[in-house]
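In what follows, a structure is listed as structure tokens, so that the remarks can point back to it.
There are 2 protein chains.
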Amino acid sequence: MGPKIKFAKDQIIDAAFEIAKIEGIDNITMRKIADKLGSSVAPIYVNFKNLDELMEAVIVRIISVSQQLLSEESQGDPFLDMGRASLRFAMEYSVLFRDLVLKDNHYMKDYDEKMLPELIKEMQKDPELEGFAVDELKTILLKMRVFQLGLSVMAANGLFSKDCKIQDLMDILSSAANDVILSARLSKSKFK
Amino acid sequence: MGPKIKFAKDQIIDAAFEIAKIEGIDNITMRKIADKLGSSVAPIYVNFKNLDELMEAVIVRIISVSQQLLSEESQGDPFLDMGRASLRFAMEYSVLFRDLVLKDNHYMKDYDEKMLPELIKEMQKDPELEGFAVDELKTILLKMRVFQLGLSVMAANGLFSKDCKIQDLMDILSSAANDVILSARLSKSKFK
DNA sequence: TATGTTATATAACAAACGTTATATAACATA
DNA sequence: TATGTTATATAACGTTTGTTATATAACATA
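Top to bottom, those sequences are chains A and B.
237 is the number of the first residue of the first sequence in the working numbering; add one for each residue after it.
237 is the number of the first residue of the second sequence in the working numbering; add one for each residue after it.
Have a look at this one:
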């Protein structure tokens with residue numbers, strides 16, 4: 237074998253992630269990573285074939301961070317938990333959020349489509365959503381996802397005042413959820 | 237004076253806009269513009285101090301295009317007109333929409349803050365919104381802006397199927413508007 | 001016609017980029 | 001100890017970028 241490894245794959249991804257967190261994914265360069273590591277570019281090319289391969293790894297890391305946030309939120313309501321996680325990610329990693337949401341990368345699309353049926357299942361367990369058909373649940377879910385996305389983008393863009401806490405945004409989110417559900421409930425009973 | 241002007245300021249901005257429309261603002265380069273004009277970079281530097289100055293002009297052009305779309309929508313309801321304009325811009329200029337919305341440029345913020353009081357005024361004229369206090373109108377407006385932004389981002393990201401027309405998205409938007417207004421109306425009458 | 005101005009073309013510069021060739025040195029193994 | 005392997009550093013290559021120095025040519029004016 238050769239000499240001891242001073243710069244492992246994970247450290248390299250860490251450094252690249254730190255750069256992306258502040259400057260955005262597109263501003264990752266080999267030399268910046270090397271500078272942050274205190275090395276040359278050589279260790280990077282030993283661990284990754286080229287920049288594209290490393291970027292793939294960075295995106296995987298970003299997604300895992302966002303899922304880590306999601307796993308930390310578990311106050312019972314899967315809806316609001318997801319909303320809180322999304323808002324946290326948008327606020328704590330605003331640059332990455334915009335990089336991820338505003339480019340159409342297949343990761344997000346795949347992830348979304350995988351989550352949808354699962355969310356519908358969760359909604360069917362929710363007593364507050366009892367009596368709704370699957371199609372109605374889908375409509376409610378769509379509206380909520382739209383609202384959550386808009387709120388997250390606004391948060392990431394710093395459109396809310398500085399002392400605006402996540403809880404304040406969560407209040408808006410759940411208020412909108414109530415609006416949607418209440419309205420759906422009413423238009424349902426109207427035809428009964 | 238000198239020789240005839242072959243490449244005027246507007247043509248240069250046009251060329252840069254075309255590039256930005258397809259490749260994004262960050263992919264504008266002096267040489268690409270020159271190629272599109274069929275010139276060298278010299279005419280560009282005669283008309284603009286540097287790339288930054290030209291980019292400012294391009295952003296102004298982009299905003300004017302989006303306002304052009306808004307002025308074309310005037311079916312009566314300022315709310316839905318704005319929503320339709322936003323959706324059209326997001327769909328017809330998806331790259332530019334993401335460039336504009338996902339960077340926090342002061343233009344959008346200024347524009348937003350200028351429009352808000354005007355929108356509130358418009359809402360006060362709306363018979364459907366009669367009886368609401370200004371604070372309640374502000375809450376309704378915020379929710380609608382959030383929803384409209386989320387829907388526009390989704391549209392720009394191509395998250396809806398190809399045969400999804402603007403009218404389909406408008407239906408969702410106005411349905412959400414009804415949800416919000418109806419719910420606000422109900423929680424108002426509850427305490428009367 | 002001669003002169004000054006300026007729109008344009010060309011070519012070069014420096015900087016930053018991804019990538020790679022080369023050298024060095026550390027480690028495992030024979 | 002000698003050898004092969006490999007992690008790392010250095011430096012260079014080619015490309016692309018913004019910018020600029022220089023030359024040319026067209027036009028207005030004296």
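The C-beta atom is built at its ideal place from N, Cα and C for all residues, glycine as well.
Taking C-beta separations shorter than 6 Å and ignoring five residues to either side along the sequence, the partners of residue 392(B) in its chain run 326, 330, 333, 334, following chain order.
Residue environment for residue 318(B): buried (at least 16 other C-beta atoms within 10 angstroms of its C-beta).
Each residue's CA atom was taken as its position, placing residue 372(A) and residue 415(B) some 14 Å apart. Judged by DSSP secondary structure, residue 274(A) falls outside any alpha helix (DSSP H); it is assigned neither H nor E.
Boundaries of the alpha helix (DSSP H) harbouring residue 410(A): 402 to 425, taken from the DSSP string. DSSP places residue 314(A) inside the alpha helix (DSSP H), whose first and last residues are 314 to 328.
In the structure shown, the three-state DSSP call for residue 264(A) is coil. Excluding sequence positions up to five before and after residue 410(B), its CB lies within less than 7 Å of the CB of 316, all in the same chain and listed in chain order. Using a Cβ distance threshold of 9 Å, residue 322(A) and residue 423(A) do not count as a contacting pair. Residues are counted here when their Cβ sits less than 9 Å from a Cβ of chain A; for the region 373 to 386 of chain B these are 375, 378, 379, 381, 382, 383, 384, 385, 386, given in chain order.
For residue 389(A), the chain B residues whose C-beta falls within less than 8 Å of its own C-beta are 337, 338, 385, 386, 389, listed in chain order. With 16 or more neighbouring CB atoms inside 10 Å of its own CB, residue 251(B) falls in the buried class. For residue 419(B), the neighbours in chain A by C-beta distance under 7 Å run, in chain order, 414, 415, 418, 419. At a cut-off of 9 Å between beta carbons, residue 326(B) makes no contact with chain A. By the Cβ rule, the region 343 to 357 of chain B does not count as touching the region 349 to 362 of chain A, because fewer than three pairs are nearer than 8 Å. Against chain A, the CB of residue 257(B) has no partner CB under 9 Å away; the residue lies outside that interface. Interface residue (Cβ-Cβ distance to chain B less than 9 Å): residue 408(A) is classified as such. Counting C-beta pairs with one atom in each stretch, the region 300 to 307 of chain B and the region 358 to 374 of chain B have fewer than three that are closer than 8 Å, which means they do not touch. At a cut-off of 9 Å between C-beta atoms, residue 334(B) counts as an interface residue with respect to chain A. The three-state secondary structure of residue 311(B), taken from DSSP, is coil. Residue state for residue 253(A) is assigned as helix, using DSSP reduced to three classes. In this chain, residue 240(A) is not harboured by any alpha helix (DSSP H), its DSSP state being neither H nor E. Between residue 345(A) and chain B, the shortest Cβ-Cβ separation is below 9 Å. Contact with chain B is absent for residue 288(A), since none of that chain's Cβ atoms lies less than 9 Å from the residue's Cβ. Look at residue 355(B): its C-beta is not under 9 Å from any C-beta on chain A. Just measuring C-alpha positions, the residue of 337(B), 312(B), 308(B), 425(B) sitting nearest residue 367(B) is 425(B).
From the listed residues 380(B), 309(B), 412(B), 261(B), the smallest Cα separation to residue 377(A) is found for 412(B).
With respect to chain A, the C-beta atom of residue 393(B) has a partner C-beta closer than 9 Å.
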